Amino acid sequence: MSQPKDVHATAVQLGGVPPISSGSLPKNRSVFTVLTGPEPGRVFSLDGAELVFGRDDAASGKLPDDGLSRRHARVFRKDGVTFVEDLGSTNGTFVGEERISAARQLADGDRIGLGRNVVVKFSLLDALEEEAQRALYESTVRDPLTRAYNRRYLEERLNSELSYAGRHGADLTVSMIDVDHFKRINDGFGHPAGDLVLKMVSSAISRSLRAEDVFARYGGEEFVVVLRGIPPDKALQFGERVRALVESLPVTWEGKRIPITASVGVATMTAARPFASGAQLIAAADAALYAAKHGGRNRVEAG
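Remember, the numbering used here sits 1137 above the position in the sequence shown when you count from 1.
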């Protein structure tokens, strides 16, 4: 008759760590998951004294929705209990179907309505469950190769940024970036080398951006950056910085240097030049990119 295995001993013998049961971890993480509205699936945690939901850039729970006030509602802990409180919002804060007028204690599973469109779910999770929630969301909005945002997320955010620019009379720039002769790189060095080029280009560009900028892989070897508050002259300067950055990347494969350049097209929405949709702004940047490629590549054009 065989003896029962000691899982812990086996794990140690194999040089591993025994699996952790989530039941052994305390469910003390106050987590809020977006159910409806912008960025569904996004996870916010109450890590500090409070978490403020709103559309203001300074809101720790920022959600780009026109139905939210700048500082719409806050959640906080008191004596180990989590509460939600409306901050004088225009469209109200709800727990379940009830609009609240004072701080309301939350129970695990409560749904919080923020304005007309946004619903977030409150959950008490352990650390492993929280991490799994975050990983699931990231898998839906990130390109798996480059870790830039994907096209679906870009299109959603671009329309939100367009609304913001319209409300505030701010400029909004879209920059389209295309790695030149990418097929030649794949054919000459192989597809793994091409993947390395895309990852290095993505990493270099993303590190050069501001927190409020949106960087996404548009498809193939094309990337897009959405830049809030950047006027036309600064847009051209940004495009030139990106072009020079890509050209300077020291990418090598099997001991050989891979020469990389990029063509960049930029288009800017201003008060004098409005766009009706994010798709129109993308199309203008794409036309500028086309001009850059047909003008000799490794250059920047404005549309």
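Built from N, CA and C at the ideal position, the CB exists for glycine as well. Note that the structure is a prediction, hence the values are computed from the model and not measured.
Cβ-based neighbour list, residue i, same chain, cut-off 8 Å, excluding 5 preceding and 5 following
i, result
"I1157", "With a pLDDT of 49 at I1157, under the threshold of 50, the modelled position of that residue is not reliable, and no figure is offered here."
"P1387", "R1394"
"T1173", "N1254, V1255, V1256"
"S1139", "Confidence in S1139 is poor, its pLDDT being 41 and thus under 50, which makes the residue's placement unreliable; the coordinate value appears in the next sentence. Nothing listed; no residue qualifies."
"A1341", "L1382, V1383, L1386"
"D1350", "V1362, V1363, L1364, R1365"
Inter-residue CB distance, residue i and residue j (contact presumed, cutoff 8 Å)
i, j, result
"L1287", "A1353", "For clarity, residue 1287 is Asn in the given sequence; the question names Leu instead. With 8 Å as the limit, N1287 and A1353 qualify as a contact, their Cβ atoms being about 6 Å apart."
"L1243", "K1164", "Incorrect: roughly 14 Å between the Cβ atoms, too far for contact."
"S1182", "V1171", "Contact doesn't hold; Cβ gap of about 13 Å is too wide."
"V1255", "L1200", "6 Å"
"Q1270", "V1338", "With a Cβ gap of about 30 Å, Q1270 and V1338 do not count as contacting."
"S1400", "N1435", "7 Å"
"V1311", "A1422", "4 Å"
"A1186", "F1213", "6 Å"
"L1426", "D1280", "L1426 to D1280, Cβ: 19 Å. No contact."
CA-to-CA distance, residue j to residue i, given in whole angstroms
i, j, result
"G1306", "A1409", "10 Å"
"K1393", "K1336", "17 Å"
"Y1274", "G1303", "29 Å"
"E1377", "V1383", "10 Å"
"D1194", "V1362", "18 Å"
"R1207", "V1232", "20 Å"
"L1418", "M1313", "11 Å"
"G1433", "E1176", "39 Å"
"D1370", "E1235", "50 Å"
"T1407", "L1373", "15 Å"
"S1414", "V1403", "16 Å"
"A1240", "K1320", "59 Å"
"F1259", "I1237", "16 Å"
"F1360", "T1389", "21 Å"
"G1246", "R1166", "13 Å"
"D1184", "G1356", "36 Å"
"R1347", "V1379", "13 Å"
"G1198", "D1216", "22 Å"
"F1375", "H1431", "20 Å"
"E1391", "S1345", "27 Å"
"H1328", "E1358", "12 Å"
"N1228", "L1188", "19 Å"
Spatial neighbours of residue i in its chain, beta-carbon cut-off 7 Å, leaving aside the 5 residues before and after
i, result
"A1210", "F1190, V1221, E1222, D1223, L1224, S1226, T1230, L1251"
"D1203", "S1300"
"S1159", "Caution applies to S1159, whose pLDDT of 48 falls short of 50 and renders its modelled position unreliable; the value that the coordinates give is listed next. Same-chain partners within the cutoff: D1263, L1265, E1266."
"T1283", "L1335, K1336, S1339, R1354"
"V1278", "Y1286, N1287, Y1290"
"I1322", "A1330, G1331, V1334, I1395"
"V1218", "Q1242"
"E1292", "G1415"
"F1117", "Residue numbering for the chain in the displayed model covers 1138 to 1440; residue 1117 lies beyond these limits and cannot be assessed."
Collapsed DSSP secondary structure at residue i in the structure displayed
i, result
"K1393", "strand"
"V1388", "coil"
"A1416", "helix"
"E1187", "strand"
"I1342", "helix"
"A1408", "coil"
"R1365", "strand"
"D1223", "strand"
"I1161", "The question names Ile, yet the displayed sequence has Ser at residue 1161. Of the three classes helix, strand and coil, the one that applies to S1161 here is helix, per DSSP."
"A1348", "coil"
"G1356", "strand"
"E1234", "coil"
"G1440", "coil"
"G1402", "strand"
Own chain, CB closer than 6 Å to residue i, minus 5 neighbours either side, in chain order
i, result
"P1368", "D1308"
"A1424", "G1440"
"Q1150", "The pLDDT assigned to Q1150 is 39, lower than 50, so where the model puts this residue is not dependable, and the model offers no usable value."
"P1141", "Low confidence applies to P1141: its pLDDT is 41, below 50, so where it sits in the model is not reliable, and the reading given next is rough at best. The answer is none, since no qualifying residue turns up."
"A1285", "S1339, F1352, A1353, R1354"
"T1398", "D1317, E1384, N1435"
"A1412", "First, the amino acid is wrong: residue 1412 is Phe here, not Ala. So the list reads M1406, L1418, once near-sequence residues are dropped."
"E1438", "G1402, A1425, A1428, A1429"
CB contact below 7 Å: residue i versus chain D
i, result
"G1432", "The structure shown contains no chain D, having only a single protein chain."
Report task. Note down, one range per segment and in chain order, each beta strand (DSSP E) of at least 3 residues found wholly within the segment 1264 to 1328. Result -> Counting only runs of at least 3 residues, the segment 1264 to 1328 fully encloses the following beta strand (DSSP E) elements, listed from N- to C-terminal order: 1309 to 1316.
Report task. Kindly provide the ranges of any beta strand (DSSP E) runs that are 3 or more residues long and lie completely inside the segment 1164 to 1214, ordered along the chain. Result -> Listed in chain order, the complete beta strand (DSSP E) runs (minimum 3 residues) inside the segment 1164 to 1214 are 1166 to 1173, 1180 to 1182, 1187 to 1191.
Query - Contiguous beta strand (DSSP E) assignments of at least 3 residues, all confined to the segment 1236 to 1262 - result: Here the runs fully enclosed are 1248 to 1251, 1255 to 1262.
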